[in-house]
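Remarks on the structure that follows.
There are 2 protein chains.
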Amino acid sequence: MPAFSPVFSNQLHELFRWRRDVRHFRCDPVPEPVLEGLLATACLAPSVGLSEPWRFVRVDDADRRAAVREDFSQCNADALADRAGTDAQRYARLKLAGLDDAPHHVAVLSHPDPVQGRGLGRATMPQTTTWSTVMAIHTFWLAATAAGVGVGWVSIINPARIKAILDVDPALELVAYLCVGYPDGHAPTPELERRGWEQRAPERREWVRR
Amino acid sequence: MPAFSPVFSNQLHELFRWRRDVRHFRCDPVPEPVLEGLLATACLAPSVGLSEPWRFVRVDDADRRAAVREDFSQCNADALADRAGTDAQRYARLKLAGLDDAPHHVAVLSHPDPVQGRGLGRATMPQTTTWSTVMAIHTFWLAATAAGVGVGWVSIINPARIKAILDVDPALELVAYLCVGYPDGHAPTPELERRGWEQRAPERREWVRR
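Heads up: the sequence lines are chains A and B, in that order. Note that full-length UniProt numbering has the first sequence beginning at 1, numbered continuously upward. Note that full-length UniProt numbering has the second sequence beginning at 1, numbered continuously upward.
Next up, the structure:
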């Protein structure tokens, strides 16, 4: 194994600290070889039984993108309607997706019961399959951040509707719809924190002992 | 944002490539400040709505550890009994957990419906909460690998039974039971691949276009 130096560990810590859920993108595209390299890197993620359940879908078609944006708008309006008072006012002020500006859209789906991996490690915890795909997304996110590429994970969508829009096997699970592109600005704190929605809780860093 | 150099990106790629699910550990403990630092780093992971739903439990008690090992043995015997022929023979030869040797055990649980984050981003995809905890585990795993510390994720366990053994709030979701310590050996390919269980599939690196 290569020896990872303390300098590298410190830079890795900075990467974790600066990785953001990006909602503001520049419009210029990421060069294809860079994007392809990032998607290949994502596949180095851990997966239960080496099942590699992730399935990436690049969404380029303007009509499909418009339909995804429409679904987001509807789900976001529903979420706002469920809130009242200052909570609703604050929610309405948030920018929760970069769907309009991001030059690349990537949907990430997961095979719920892959042959690959031969079921190992899944008998009592079948969710580990989906969780493997989550780690592939996180791997992509970190590699992208290191390359100066921003990623925004949109979850305010109706998964069944998105799968229909993308015309993918309905048996696949939609895990994420990602906006990808160069970020318009950088900040060391999450946007939700800067806008007063929520703060990190120091006690989450503590643990109980048993 | 710090500029992450191509050199750093290459090292990050090596980190992804060398991160292993470790099942063979040395017995010497990881210094407490190192382990504490890694757990703190894990909390830099993304979380939906900044909900930070992860809850770490350090498992030190010998009786509890023995009960966890017993649960693993039982679940693993059940998984073996469900297999036949060469599949069963191959399964039986795998070493699937380092519970006996690993000097540290860390259970990772997730709050299923946290107040923190105020529900943002969860209305249509509530699983994003658990997935945030998965990314915290992955962050821990990567930071540990960079520090020379190995992590093995044990999923061949009964989550309800493990929660009872650990005497934690049954409403919390058990996401992972981690073995942590210095690895006894390093390899650039997964143990499941070296032992002929499964191989990476190059087509997982490809994507469809829509």
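We put the CB at the ideal spot given by N, CA and C, even for glycine.
1) Between the beta-carbon of B:A88 and the beta-carbon of B:V57, is there less than 9 Å?
2) Out of A:A176, A:F8 and A:T145, state which residue places its alpha-carbon closest to the alpha-carbon of B:M1.
3) How many whole angstroms separate the CB atoms of A:L109 and A:E173, which I take to be in contact at a CB cut-off of 8 Å?
4) Strictly by DSSP, which residues pair up with A:Y177?
5) Let me check understanding here. Comparing Cα to Cα, which of B:D78, B:R210, B:H104 and B:L94 lies closest to B:G150?
6) Which same chain residues end up closer than 8 Å to residue 215 of chain A when comparing Cβ atoms and leaving out the 5 residues on each side of it in sequence?
7) Roughly how many angstroms separate the alpha carbons of A:E36 and A:R64, rounded to a whole number?
8) For B:P159, which residues from the same chain have a beta carbon less than 8 Å from its beta carbon, with the 5 sequence-adjacent residues on both sides left out?
9) A:I156: which of B:D100, B:G121 and B:T139 sits nearest, CA to CA?
10) Which residues mark the beginning and the end of the alpha helix (DSSP H) in which A:R17 is found?
11) Any C-beta of chain A within less than 9 Å: which residues of the segment 11-32 of chain B qualify?
12) In chain order, what residues of the same chain have a beta carbon less than 8 Å from the beta carbon of A:W131, not counting five sequence neighbours either side?
13) Short of 8 Å Cβ to Cβ, which residues in the segment 57-90 of chain B face chain A?
14) Is the Cβ of B:P190 closer than 9 Å to any Cβ of chain A?
15) Distance check for B:V180 and B:C27, CA to CA, integer angstroms please.
16) Quick one: what's B:V168 bridged to in DSSP?
17) Please classify A:Q127 as buried or exposed, where buried requires at least 16 other C-beta atoms within 10 Å of its C-beta.
18) Nearest to B:A3 by CA position, among A:S5, A:L12, A:A3 and A:P6, is which residue?
19) Tell me, please, whether the segment 110-117 of chain B touches the segment 180-194 of chain B by the rule of three or more beta-carbon pairs shorter than 8 Å.
20) Does B:L96 get closer than 9 Å to chain A when you measure Cβ to Cβ?
21) How would you call B:V7, buried or exposed, if buried means at least 16 neighbouring beta carbons within 10 angstroms?
22) Pick out whichever of A:E193, A:D71, A:P46 and A:V34 has its Cα sitting closest to the Cα of B:L16.
23) Check the Cβ of B:C179 against every Cβ in chain A and list those closer than 7 Å, keeping chain order.
A quick look at the data gives this:
1) Going by C-beta atoms, B:A88 is not nearer than 9 Å to B:V57.
2) A:T145
3) 6 Å
4) Paired residues: A:A107 and A:V154.
5) B:H104
6) A query on residue 215 of chain A cannot be resolved here, the shown segment of chain A reaching from 1 to 210 and no further.
7) 21 Å
8) So the qualifying residues of the chain are E173 and L174.
9) B:G121
10) Here the alpha helix (DSSP H) through A:R17 covers P6 to W18.
11) Cβ contacts with chain A: Q11, L12, H13, E14, L15, F16, R17, W18, R19, R20 and D21.
12) V48
13) V57, R58, V59, D60, D61, R64, C75, D78, A79, D82 and D87
14) yes
15) 10 Å
16) Answer is none; B:V168 lacks a bridge partner.
17) When all chains shown are included, A:Q127 counts as buried.
18) Of the candidates A:S5, A:L12, A:A3 and A:P6, the residue whose Cα lies closest to the Cα of B:A3 is A:L12.
19) no
20) yes
21) exposed
22) It should be noted that the sequence gives Phe, not Leu, for residue 16 of chain B. Among A:E193, A:D71, A:P46 and A:V34, the Cα nearest to that of B:F16 belongs to A:P46.
23) Going along chain A, no residue has its Cβ under 7 Å from B:C179, so there is no contact; the nearest lies around 14 Å.
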